[in-house]
Every structure is written in C-alpha cells, then in structure tokens.
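*Asks:*
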Amino acid sequence: MATTKTSYLSTFVTSARLVGVLGTGIVAGYDIALSQNAIPAILTSSLPADRLVIAWDNIYSKSEAFGAPVLVGSLLAFLEAAYRAAIRPSIIYTPLGLTSGTQLVLASFSILVAVPHTIFGVAPVVWRLKTASKNVEEATVRGGLAYVDAVGLREDVDAFRKRTAVRAGFFTVAFVLGLTAF
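With positions in the sequence shown counted from 1, the corresponding number in the working numbering is that position plus 12.
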C-alpha cells in the first residue's frame with residue numbers, strides 16, 4: 013500500500029509571500045499617493061512658507077512610524093519565502109522567466125536598495141524640513157515671526173516629493189516581483 017506524503021511547504025511559501033506582497037504594496041501605495049497627490053497639493057497651494065512647512069510636517073509625521081516595521085516584516089517574509097522556495101525542487105518559472113526563489117530574492121534586494129536611498133537621499137531633506145518646522149513652531153509659541161526661506165523650502169519639499177517617488181518605485185518593483193512569484 014503506497015502512502016502519499018502531504019507537504020505544507022508550498023502553503024507556507026504562499027503565506028510568507030503574501031505578507032511580503034501586502035507590506036510592500038501598502039508602503040508603495042502610500043509613497044505613490046504622498047509623492048503624486050499630497051505633496052503636489054500643498055506645493056501648488058497658496059500657503060505661505062511657514063504654513064507650508066507645518067502642513068508638510070503634519071503629513072510626514074503621520075506616516076513616518078509605520079513604514080519601517082512594515083518593510084522589515086516584508087523583507088523577512090520575502091527572504092523566508094525565497095529560502096523555502098529554494099529548498100523545494102521546482103522547474104516552474106514565473107512570468108518573468110525566473111524561478112520563484114530568485115524572484116523573491118530580487119524582491120528582497122529591491123527593498124534593501126531603498127535603505128541607502130532613504131538614508132542618503134531622503135533623510136537630509138527631511139532633517140532640513142523638520143528643522144524649519146521646529147523653528148516655525150517655536151516662533152509661534154513665543155509669539156514672534158520665524159524667518160523661513162520660501163524658495164529653499166519649496167525646493168526641499170519638491171525634492172522630498174521626487175525622492176519619495178523614487179523610493180516608491182523600489183517598493184513597487186518588490187511588490188510586482190513578489191506578486192508574480194508562484
């Protein structure tokens with residue numbers, strides 16, 4: 013009598029991949045909305061520079077805490093799914109012509125590429141804008157006026173928009189790679 017062995021490995025790969033896909037999809041969607049809708053809306057408004065930096069700070073402060081944990085979870089999920097896919101013998105290729113394991117490793121790499129971009133590209137602009145926002149808030153509390161370089165501030169907000177769009181691109185690539193890996 014022949015017995016068949018049921019493997020739950022493919023179910024686990026799907027679950028880990030699902031966590032990675034959902035996480036990168038959420039963060040990519042948020043960054044796309046931020047860079048294509050929210051930031052252009054405040055840039056095209058007639059807000060004076062001091063109000064513009066406060067509006068930017070309100071938008072940024074609402075989101076800065078959730079992105080990193082979601083991306084770490086997505087990265088770990090993709091790596092776990094890639095490991096499980098690599099130890100499962102398969103000759104099935106994804107629509108992109110890669111194996112599932114290779115594609116999930118590339119999705120993980122796409123998330124990791126966003127880290128230096130965020131540290132060296134986005135963070136300096138955020139620090140300048142946060143400093144300007146803090147100066148405006150402190151001046152408001154003291155009842156005085158804060159000097160804000162309106163042109164430089166608008167350039168920084170626009171640079172933040174563009175660099176966030178690039179970062180959204182990295183997360184979108186990870187999302188697509190994870191979604192199409194079977």
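Quick reminder that beta carbons are idealized off the backbone N, C-alpha and C, glycines included.
Here the structure is a predicted model, which is why all the values come from computation and not from measurement.
(1) Return helix, strand or coil for F132, following the three-state DSSP convention.
(2) Please identify the residue among A177, E76, R29 and R175 whose C-alpha is closest to the C-alpha of A97.
(3) By a C-beta neighbour count over all protein chains shown, 10 Å radius and 16 as the cutoff for buried, is T130 buried or exposed?
(4) Between the Cα of K74 and the Cα atoms of L46, L110, L87 and G35, which residue gives the shortest distance?
(5) So, helix, strand or coil for E76, using DSSP?
(6) Under 7 Å Cβ to Cβ from V160, same chain only, skipping five residues before and after it: list those, please.
(7) Answer with buried or exposed for R179, where buried requires no fewer than 16 other C-beta atoms within 10 angstroms of its C-beta.
*Replies:* From the atom records:
(1) Position 120 of the sequence shown, counted from the first residue, corresponds to residue 132. F132: helix per DSSP, three-state reduction.
(2) Numbered from 1 along the sequence shown, position 85 holds the residue referred to as residue 97. Of the listed residues, the one whose Cα sits closest to A97 is R29.
(3) Position 118 of the sequence shown, counted from the first residue, corresponds to residue 130. With 16 or more Cβ atoms within 10 Å of its Cβ, T130 is classed as buried.
(4) In the sequence shown, residue 74 corresponds to position 62, counting from 1. Closest option to K74, Cα to Cα, is L46.
(5) As a working mapping, residue 76 is identified with position 64 in the sequence shown. In this structure, E76 counts as coil in the three-state DSSP scheme.
(6) Position 148 of the sequence shown, counted from the first residue, corresponds to residue 160. Answer for V160: A61, D62, V65, A144 and V148, listed in chain order.
(7) For this step, residue 179 is matched to residue 167 along the sequence shown. The residue is buried, with at least 16 neighbouring Cβ atoms inside 10 Å.
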